[in-house]
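These notes concern the structure reproduced below.
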Amino acid sequence: MRRIFASFLLIFSLHGASLNGAIAADKLVVEKLDADSYPAEIIVDPRELSENGLPDGRISTIKGDIVAAWYSRPTERYRHGILGDKIEAGSLKVKTHFGATLTYRLPRSEVFEDITPRLVDLDRNGKIEVVTIRSSVSKGAAITVYGLNGPLLVQKATTPFIGLSHRWLNIAGISNFSLGKTLEIAAVITPHIGGTLRFYKYNRGKLLQRAAASGFSNHVIGSREQRLSVVLDFDGNGTPDIALPSADRLSLYIMSLTENGMVLLAEAQLPSPINKAITLRGEGNSVQFIVGLEDESVYSVHR
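Counting from 899, one number per residue, gives the positions in the sequence shown under the working numbering.
Put into structure tokens, the structure is as follows:
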């Protein structure tokens, strides 16, 4: 077992900062586990595969005005291949609680560069939003939110595209990270080239950036695994935090969003890069992060 510790909280401003050289605030233990006791992907995805959709694309479900969502119309018009193949989605489909299936079809200049959409009530008004990764073939990726407007599936909000072709982002978590009236979306922008963690608040049809800091990654180039992060209340203050890898994926960072920006709550260094889904075991002060590494080993990270 290895102990990694430090003596202060590090705060990153709303205008962005870097984690290079940062020291974590909590003492963590890194303990090797029996890899044979865990599935290869660490977390098996139980969701149903989408018929006539993307390879490995799954159907998200929830209770609400929208009850299911998935991607469809596979296309090779954007040959980026960041998720393991050059097949992306040209359409988003949802099923309503009335049983109707609705489609939002993108123009030929765009694709959904994603595997499975996310369903959540972002503004907590009782209506479900669909959170996606939408990419322009010339301007890269954006976070785009869809929802129902009467009988239609419409775009409700979006971030700007990154600005360059073949530039991607991966959504890390969606929760009430600030305990406000609406939820935030946490995402790593360009996770393969100096990734920046950004928090966006959904408010009145807009996605507003709350905070940003560089030095993160939650994806491996060419991998179909997008779940290299997990949301939890790590410090027990009633506010959700987020755990995700460093830019080189050799460290696990636990971050909190505050009124003044991001706080680095804890850090653990690992012997090989994280490349699999991160899951939790236990709760409270006994919580463990289970992480799978490139060398096929599995570790528990805990207090």
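Cβ atoms here follow ideal geometry from the backbone N, Cα and C, with glycine treated the same way.
Computed from a prediction, not measured in an experiment: that's the story for all the values here.
query: When N1101, V1028, L1077, R1016 are compared against G1136, the one with the closest alpha-carbon; result: L1077
query: S935 - DSSP class collapsed to helix/strand/coil; result: helix
query: Simplified DSSP state of N1068, which is helix, strand or coil; result: strand
query: Bridge-paired residues (DSSP) for I1140; result: V1129, M1153
query: Residue environment, K1079, which counts as buried when at least 16 other CB atoms sit within 10 Å; result: exposed
query: Minimum C-alpha distance to I1083 - residue among V1018, I964, I985; result: V1018
query: Distance, K925 Cα to S1195 Cα; result: 22 Å
query: Rounded C-alpha distance that separates L1168 from D932; result: 16 Å
query: Cut-off 8 Å between Cβ atoms - residues of its own chain near D954, not counting five sequence neighbours on either side; result: L947, I1013, R1122
query: Cut-off 7 Å between Cβ atoms - residues of its own chain near N1183, not counting five sequence neighbours on either side; result: R1201
query: Proximity below 8 Å, CB of A1040 to CB of T1057; result: yes
query: Buried versus exposed call for A922 [16 or more other C-beta atoms within 10 Å across all chains shown]; result: Here the model assigns A922 a pLDDT of 46, short of 50, so the residue's position is not dependable, and the following value carries that caveat. Answer is buried; the Cβ neighbour count reaches 16.
query: C-alpha gap between L981 and S970, whole angstroms; result: 16 Å
query: Own chain partners of L1062 with C-beta closer than 8 Å, once the 5 adjacent residues on each side are dropped; result: K1037, G1038
query: Buried or exposed (CB count within 10 angstroms, at least 16 for buried), L1105; result: buried
query: Where V992 falls, given that 16 or more other Cβ within 10 Å makes a residue buried; result: buried
query: Same chain, Cβ closer than 6 Å to H978, neighbours up to 5 away in sequence not counted; result: H1064
query: Among L1051, V1161, V1035, Y1197, the one whose alpha carbon lies nearest that of I964; result: L1051
query: Nonlocal neighbours in the same chain, by C-beta distance under 7 Å from L952, ignoring five residues either side; result: Y969, P972, I985, A987, I1013
query: For E1165 and S1112, the rounded distance between their alpha carbons; result: 15 Å
query: Counterpart residues of G1045 in DSSP-defined beta bridges; result: V1052
query: Range covered by the beta strand (DSSP E) that runs through F1114; result: 1104 to 1114
query: Residue from E1011, V1118, Q1107 with nearest C-alpha to A1055; result: Q1107
query: N- and C-terminal bounds of the beta strand (DSSP E) containing I980; result: Unbroken run through I980: none, as it is neither H nor E.
query: Cutoff 7 Å; reference N918; Cβ partners in own chain excluding five residues on either side; result: Residue confidence for N918 is low, a pLDDT of 47 falling below 50, so the modelled location carries little weight and cannot support an answer.
query: Backbone CA spacing between V1199 and T1156 [nearest angstrom]; result: 24 Å
query: Sequence-distant residues of its chain with Cβ nearer than 6 Å to V1029 (five each side left out); result: R1016, V1043
query: CA nearest to the CA of N1023, picked from D1133, M1153, L1081; result: L1081
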